[in-house]
Every structure is written in structure tokens, then in C-alpha cells.
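The sequence shown begins at 0 in numbering that gives the first Met the number 0 and counts up one residue at a time.
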Amino acid sequence: MTILLYDLVGRDSTRPFSPHCWKVAMALAHKGLDISTVPTRFLEVPAVEGGVSKTVPVIRDGETVLADSFAIALYLDEAYPDRPTLFGGEGGEAMARFIERWSQVTIHPYVTTAAIMDLHAMQDAENAVYFRQSREQRLGKRLEEVKAAREAGLGTFRASLEPLGSMLCYQ
Numbered sequence: 000m001t002i003l004l005y006d007l008v009g010r011d012s013t014r015p016f017s018p019h020c021w022k023v024a025m026a027l028a029h030k031g032l033d034i035s036t037v038p039t040r041f042l043e044v045p046a047v048e049g050g051v052s053k054t055v056p057v058i059r060d061g062e063t064v065l066a067d068s069f070a071i072a073l074y075l076d077e078a079y080p081d082r083p084t085l086f087g088g089e090g091g092e093a094m095a096r097f098i099e100r101w102s103q104v105t106i107h108p109y110v111t112t113a114a115i116m117d118l119h120a121m122q123d124a125e126n127a128v129y130f131r132q133s134r135e136q137r138l139g140k141r142l143e144e145v146k147a148a149r150e151a152g153l154g155t156f157r158a159s160l161e162p163l164g165s166m167l168c169y170q
């Protein structure tokens with residue numbers, strides 16, 4: 000059976016850009032499962048699978064519908080134990096959860112400032128309006144101000160990656 004993955008796209012439906020959707024697509028590929036992607040724009044997300052989530056990724060596997068990339072990964076390991084594992088056991092699951100949370104707190108805030116205008120430019124007119132309004136409300140400033148702050152934050156961002164770089168030296 001083919002698993003449906005609702006994947007976030009902009010004006011170009013062949014160019015998905017959500018790292019959370021990428022994680023799910025890579026997990027499905029690692030497990031060797033058949034996948035069919037459903038290109039989904041921001042304004043289409045509330046209607047996905049009857050409004051199951053405010054965000055993507057969302058998958059449908061038969062009668063099972065799930066949102067959230069980590070929850071999806073846990074489900075895939077449980078539902079398909081005969082396929083290669085995503086976590087390699089409880090220790091791997093705990094480490095993956097740590098890395099996910101660390102990246103959400105450390106990497107994503109800076110990447111938001113670095114990519115915000117590019118993401119805005121990728122949208123069609125209607126979704127660009129939504130993107131601007133929702134991000135400016137969330138961030139408390141205009142997108143142009145967010146972008147302007149990226150150079151000022153680059154040094155701090157690089158320093159925040161030092162523990163990761165140090166750990167990778169021992170891999």
C-alpha cells in the first residue's frame with residue numbers, strides 16, 4: 000500500500016521546502032516504503048485529511064492519519080518492524096528526540112532569519128500574503144526587519160554550533 004505524504008510547497012509544486020516533511024520522506028525511503036506525495040501549499044494545510052493538523056507533514060497509511068514528523072517516525076517503526084529501524088532501540092529514540100529538540104531551539108531560529116525572504120518569495124500571491132501576515136505576527140516584526148537581523152546573529156549562531164562540531168569530530 001502506498002503511503003500519502005502531504006508535503007509543503009510554494010508556487011512551484013515540484014519544489015518542497017519543509018525540513019519536517021523532508022525528515023518524513025527520508026524515513027519512508029529508509030524503510031523502503033512506497034510513497035506518494037501530495038503537494039500542499041500553506042493555505043491548503045487546514046483542509047488536509049479533514050483538518051487533522053495545523054501543520055504538515057501529515058501522512059495517511061491506510062486508515063491511519065498522523066501529523067508531526069517525530070510521531071510519524073515512531074509510528075513507522077512500530078507499524079513496520081520488519082523494515083530497517085529508524086532509531087535502533089530506545090537509546091536511539093532518546094538521542095533522536097534530543098537532537099530534534101536541540102535543533103528546534105538552536106538551529107531553526109537562525110535559519111528562520113536567514114531564509115525568511117526566500118521562503119516568502121517562493122509563494123504564489125495568495126500564500127505570500129498569508130506567509131507574511133502569519134510570520135510577522137509570530138515574530139513581532141516585518142519580514143524585512145527579520146532578514147536584516149541575520150548578519151548580526153551569525154556569530155552567535157556559529158558559536159551555538161560548536162558543541163555539534165566538536166561531537167562530530169569524534170564520529
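Beta carbons are placed, not taken as given, at the ideal position from N, Cα and C, and that holds for glycine.
Status (buried if at least 16 other CB within 10 Å, exposed otherwise) for residue i
i      : result
Thr36  : buried
Leu27  : buried
Ile98  : exposed
Pro15  : buried
Ser102 : exposed
Tyr5   : buried
Gly9   : buried
Ser17  : buried
Sheet register partners of residue i (DSSP bridge)
i     : result
Val47 : Answer by DSSP bridge pairing: none, since Val47 is not bridged.
Asp6  : Pro38
Candidates the options: closest to residue i by CA position
i      : options                          : result
Ala124 : Asp11, Ile2, Asp6 and Gly154     : Asp11
Ser52  : Gly61, Thr1, Ala66 and Ile71     : Ala66
Arg82  : Glu43, Met116, Leu32 and Val110  : Leu32
Asn126 : Cys20, Glu43 and Glu62           : Glu43
Thr112 : Leu138, Val64, Thr84 and Met121  : Leu138
His107 : Leu7, Gly9, Gly152 and Tyr169    : Gly152
Ala171 : Gln122, Tyr129, Ala72 and Gln170 : Any question about residue 171 goes unanswered here, given that the chain covers just 0 to 170.
His19  : Arg100, Gly50, Val128 and Glu89  : Arg100
Expected contact under 8 Å - CB spacing of residue i and residue j to nearest Å
i      : j      : result
Tyr79  : Lys22  : Wrong, their Cβ atoms sit about 16 Å apart, outside the cutoff.
Arg59  : Leu3   : 4 Å
Ile34  : Thr1   : 7 Å
Leu142 : Arg131 : 6 Å
Val57  : Val64  : 7 Å
Lys146 : Ile115 : 6 Å
Leu76  : Phe86  : Before going further, note that residue 76 is Asp rather than Leu in the sequence given. Confirmed, about 6 Å.
Thr84  : Ser159 : Wrong, their Cβ atoms sit about 30 Å apart, outside the cutoff.
For residue i, the three-state DSSP class (helix, strand or coil)
i      : result
Asp11  : coil
Ile34  : strand
Val64  : strand
Tyr109 : helix
Asp76  : helix
Thr54  : coil
Arg100 : helix
Arg59  : strand
Arg131 : helix
Met116 : helix
Arg157 : helix
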